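By the working numbering, the letter at position 35 of the sequence shown is numbered 558, and the numbering carries on one by one without gaps.
Notes to accompany the following structure.
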Amino acid sequence: MSNSIGIKIVLPQSTYRALKRAAEQKRKTESKLAADAIRAYLKPSPRPHSLVGLFSDDVELIDAITESTMQLREKTPLRVTR
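So, in structure tokens, the structure goes:
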């Protein structure tokens with residue numbers, strides 16, 4: 524037994540036509556496709572990666588790290604040629 528609740532929504536004709544077309548393409552009912560879209564909309568967005576933007580407020584530090592890395596790269600090549 525399903526715990527479903529029926530609702531009535533009013534859509535612009537163009538939106539309904541797009542919904543109907545998408546439902547036909549995906550071989551779903553219009554109500555199933557609309558419910559899937561609502562679930563996707565309500566799904567919490569993934570947590571942003573904790574390291575992305577970690578140093579965005581410390582430009583000087585990033586510049587110093589980059590400069591140090593480039594100097595080390597000039598002194599010590601990655602590949603040793605014989």
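From the three backbone atoms N, C-alpha and C, an ideal C-beta is built for every residue, glycine too.
Owing to the predicted nature of the structure, the values given are computational and were not obtained by experimental measurement.
Between Leu-556 and Leu-534, the CB-CB gap reaches or exceeds 8 Å. Contact annotation, Glu-553 with Ala-546: C-beta distance approximately 5 Å; criterion of less than 8 Å satisfied. A direct Cα-Cα distance of roughly 32 Å separates Val-582 from Pro-567.
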